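Numbered according to the working numbering, the sequence shown spans residues 221 to 359. Structure first, commentary second.
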Amino acid sequence: MKKYKHPIPTVDIIIEIKRENGQEGIILIKRRNPPYGWALPGGFVDCGESLEEAAVREAKEETSLDISLKSQFHTYSDPKRDPRRHTISTVYVAAARGSPKAQDDAKEIGIFTKEEINFPLAFDHQKILADYFKQKNNY
């Protein structure tokens with residue numbers, strides 16, 4: 221019998237949050253595990269879990285924050301987006317309040333403005349944020 225391979229579903233979350241000074245930014249995490257680097261919070265969808273549930277869970281696990289999902293942004297499916305295996309990521313935009321704390325797969329955490337994100341990101345997160353900021357500027 222032929223064995224079929226399938227892509228693995230993941231989620232990424234663009235978490236909009238205000239800094240203590242009131243300036244709005246996006247939460248990025250520095251990954252504890254390969255592939256290393258700064259990235260959007262996110263991860264694999266568990267069996268029996270919806271995409272929305274996975275987004276809320278992953279955000280809590282990596283940032284310690286409870287988030288409110290605002291919208292589903294886009295799905296990214298380039299087979300090369302994750303060097304470990306073929307994944308398909310559904311990206312959500314969410315809001316949060318509070319002080320994020322790096323947990324679980326996150327080694328460090330930060331709140332960054334568009335202008336401050338001038339460094340490489342893991343996976344295809346540079347493209348995701350470029351699409352996000354382009355769409356956000358069109359409103």
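Glycine included, C-beta positions come from ideal geometry on N, C-alpha and C. Here the structure is a predicted model, which is why all the values come from computation and not from measurement.
| message | I'd like to check one pair, I249 with I331: are the Cβ atoms closer than 7 Å? | response | At least 7 Å separates the beta-carbon of I331 from that of I249.
| query | Which word fits S309, buried or exposed, when buried means at least 16 other C-beta atoms lie within 10 angstroms of its C-beta? | reply | buried
| said: Quick test of the definition: if touching needs 3 or more C-beta pairs under 8 Å, does the stretch 279–290 touch the stretch 334–341? | reply: no
| To the nearest whole angstrom, what separates the beta carbons of I234 and V311, a pair I think is in contact under 8 Å? | 6 Å
| At which residues does the beta strand (DSSP E) containing F332 begin and terminate? | Start and end: A326 to F332.
| query | Roughly how many whole angstroms lie between the Cα atoms of E269 and K280? | reply | When the Cα atoms are used, E269 and K280 turn out to be separated by approximately 15 Å.
| message | Rounded to whole angstroms, what is the Cα-Cα separation between V231 and M221? | response | So the two alpha carbons sit approximately 32 Å from each other.
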